[in-house]
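Working notes, structure below.
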Amino acid sequence: MSASPDFLKALKLQNPILQAPLAGGGDTPELVAAVSNAGGLGFIGAAYLSPEQILQAASNVKSKTSRPFGINLFAPSAPAASLISPDTAIRCVAPYFSELGLPAPALTAGPPFSFADQLAAALETGATAFSFTFGLLPADAMQSLKRKSIFVMGTATTVSEAIELEKTGVDAVVAQGSEAGGHRGTFGGDFSASMIGTIALVPQIGDAVRVPVIASGGIMDGRGIAAALALGASAVQLGTAFLTCTESGVPEAYREAILNALEDQTRITRAFSGRPARGIVNRFMTEVESNDDGEAILPFPLQNALTRPLRTAAAKNGRAEFLSLWAGQGVRMARRQSAAELMARLVKETDSAIRGLQGTRSHESVPSKSGVATN
Ligand SMILES: Cc1cc2nc3c(=O)[nH]c(=O)nc-3n(C[C@H](O)[C@H](O)[C@H](O)COP(=O)(O)O)c2cc1C
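For what it's worth, this note's numbering labels the leading residue of the sequence shown as 8, then goes sequentially.
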């Protein structure tokens with residue numbers, strides 16, 4: 008029941024706590040740096056950033072910390088072959104655009120940069136770690152990361168995905184349980200069959216691979232961290248818990264929605280992006296899904312591009328009913344606090360949860376076995 012010292016050493020961490028990449032603006036440089044400064048690993052979710060924005064974000068982080076940090080991208084996938092006409096999906100979202108006074112929705116061209124361009128920028132950032140989700144890395148991408156001695160982590164939602172990732176040379180696997188907020192990382196099978204809870208997923212992946220496993224999904228406090236370490240995880244990755252930190256970049260309406268949400272108010276939806284993701288149930292999610300006859304939601308990333316102007320305007324206007332409120336099932340445990348406060352609290356709680364499991368109440372006489380620095 009201890010964080011792997013090798014894992015902590017490889018990443019020069021004091022605490023086995025990773026701030027999940029939060030693509031879309033949640034992970035500001037202030038948040039990333041605060042987590043790294045507290046001995047954890049802050050991550051820049053760079054999937055939607057241009058190469059220039061990736062370099063700028065990393066430079067902002069480095070102006071606030073000299074500690075290690077990570078960069079995350081979406082693994083490249085074949086371009087969405089839209090077999091269906093976009094007309095129904097466009098018609099379906101049009102009333103919401105008009106409600107917010109926006110021009111009529113339209114499908115726009117994809118971003119003017121590729122995964123290879125983003126990776127080339129990521130390689131120049133000085134990041135200690137690189138993680139990815141939605142698939143496997145091309146061999147040349149893996150080689151270029153290894154040449155720079157960057158620690159590489161891939162996301163798995165099943166044991167077979169973890170095994171595939173290990174074969175491609177990742178240094179660790181992020182085991183994403185079904186409780187997790189945000190997009191499902193599933194790439195090797197059916198989305199709904201790959202909804203394995205963190206408590207079942209982590210030990211089964213741990214039994215199947217030799218690389219360290221990072222537990223992710225529904226972990227919000229030290230009890231969850233202690234449980235993950237007991238299951239054999241070398242570290243944990245928390246997303247939702249960091250979204251309500253003062254440094255997070257999410258709009259206030261989003262933060263409030265998380266702080267007020269209960270554990271039964273999140274659901275997996277394709278309505279916003281075309282790819283299954285967990286978020287707090289709201290009007291857009293419910294109405295678009297109820298209209299979906301198989302043609303009302305385009306495949307990722309087309310639906311994501313289609314709904315982006317609506318989400319951007321909703322963020323400006325504080326309209327939570329049109330925002331993708333990505334959050335995990337641990338929402339009831341979310342708190343408004345600074346990232347430094349959250350990190351200090353996680354460390355303290357983990358230590359006391361582990362002491363509780365060991366059946367001792369003496370905080371002074373028993374050395375910490377968690378690998379979690381208590382100072
Ligand atoms: C707002 C948000 C954005 C996310 N963006 C990314 C991302 O860009 N890349 C990634 O690998 N995971 C992303 N995730 C998923 C996290 O890595 C992680 O699996 C999840 O947050 C863990 O569950 P929790 O939110 O219950 O802690 C995101 C999650 C959220 C909530």
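Built from N, CA and C at the ideal position, the CB exists for glycine as well.
{"Query": "Using 7 Å as the cut-off, classify the Cβ of A17 as near or not near the heavy atoms of ligand 1, replying yes or no.", "Result": "no"}
{"Query": "Can you find the residues in the same chain that come closer than 7 Å, C-beta to C-beta, to S195, ignoring five residues on each side of it along the sequence?", "Result": "The amino acid at residue 195 is misidentified as Ser; the sequence shows Gly. Here the set comprises T165, S167, E168 and E171."}
{"Query": "Enumerate in chain order the residues of its own chain whose CB-to-CB distance from S201 is below 6 Å, with the five nearest sequence positions on each side excluded.", "Result": "T164, T165 and T193"}
{"Query": "Let's see if you can read the secondary structure: which residues bound the beta strand (DSSP E) around A179?", "Result": "A179 to Q183"}
{"Query": "With respect to 7 Å, is the separation between the Cβ of P12 and the closest non-hydrogen atom of ligand 1 below this value?", "Result": "no"}
{"Query": "Report all residues from its chain with a CB closer than 6 Å to the CB of Q26; omit the five preceding and five following residues, and keep chain order.", "Result": "V42, G49, F50 and F249"}
{"Query": "Please name the residue or residues paired with T162 in a DSSP beta bridge.", "Result": "V181"}
{"Query": "Could you check whether L15 and P23 sit closer than 8 Å to each other, using their CB atoms as the reference points?", "Result": "yes"}
{"Query": "Let me make sure I understand the geometry here. Which of G366, Q365 and K323 has the alpha-carbon closest to that of L109?", "Result": "K323"}
{"Query": "Is it buried or exposed, Q365, if we count other Cβ atoms within 10 angstroms and call 16 or more buried?", "Result": "exposed"}
{"Query": "Starting from S138, trace the beta strand (DSSP E) both ways and give me its first and last residue.", "Result": "A136 to T140"}
{"Query": "Using CA atoms only, rank isn't needed, just tell me which of G77, P93 and A54 is closest to A303.", "Result": "P93"}
{"Query": "Out of E348, L266, F291 and Q183, which one is the CA nearest neighbour of V243?", "Result": "Q183"}
{"Query": "Would you kindly work out how many angstroms separate the C-alpha atoms of F389 and P283, rounded to a whole number?", "Result": "Limits of the chain in this structure are 8 at one end and 382 at the other, which puts residue 389 out of reach."}
{"Query": "Less than 7 Å between the CB of E259 and some heavy atom of ligand 2, yes or no?", "Result": "Although ligand 2 was asked about, the structure shown includes only ligand 1 as ligands."}
{"Query": "To which residues of the same chain is A278 closer than 7 Å at the C-beta, ignoring the five residues directly before and after it?", "Result": "F291, M292, V295, E296 and I304"}
{"Query": "By the DSSP assignment, the beta strand (DSSP E) with N79 in it spans what residues?", "Result": "F76 to F81"}
{"Query": "When you measure from the CB of I78 to every non-hydrogen atom of ligand 1, does any distance come out below 7 Å?", "Result": "no"}
{"Query": "Drop a sphere of 10 angstroms on the beta-carbon of P102, count the other beta-carbons inside from all chains shown, and report buried for 16 or more, exposed for fewer.", "Result": "exposed"}
{"Query": "In whole angstroms, give me the CA-to-CA distance for I232 and G239.", "Result": "11 Å"}
{"Query": "Taking L250 as part of the beta strand (DSSP E), name the residues at either end of that continuous run.", "Result": "No beta strand (DSSP E) holds L250; the alpha helix (DSSP H) holding it covers T247 to L250."}
{"Query": "Got a sec? Which residues, its chain only, sit under 8 Å from S372 by beta carbon, not counting five neighbours each side?", "Result": "Model confidence at S372 stands at a pLDDT of 41, short of 50, so the residue's coordinates are unreliable; what they give is reported in the following sentence. Same-chain partners within the cutoff: there are none."}
{"Query": "Going by C-alpha distance, which of L20, G337, P36 and K174 is nearest V257?", "Result": "P36"}
{"Query": "Determine the DSSP secondary structure at G49, reduced to helix, strand or coil.", "Result": "strand"}
{"Query": "State the DSSP-derived secondary structure class of Q344, mapped to helix, strand or coil.", "Result": "strand"}
{"Query": "Would you kindly work out how many angstroms separate the C-alpha atoms of S57 and L208, rounded to a whole number?", "Result": "33 Å"}
{"Query": "Reducing DSSP to helix, strand and coil, say where Q211 ends up.", "Result": "helix"}
{"Query": "Taking the C-alpha atoms as reference points, what is the distance between T162 and S156?", "Result": "19 Å"}
{"Query": "Any contact between the stretch 139-153 and the stretch 172-179? By contact I mean 3 or more CB pairs, one from each, below 8 Å.", "Result": "yes"}
{"Query": "Kindly list the residues whose CB is nearer than 8 Å to the CB of R318, restricted to its own chain and excluding five residues on each side of it in sequence; keep chain order.", "Result": "F279, F329, L330 and S331"}
{"Query": "I need the DSSP call for L25, collapsed to helix, strand or coil.", "Result": "strand"}
{"Query": "Could you tell me the alpha carbon to alpha carbon distance between F120 and R315, rounded to whole angstroms?", "Result": "18 Å"}
{"Query": "Less than 8 Å separating the beta-carbons of N44 and S138?", "Result": "no"}
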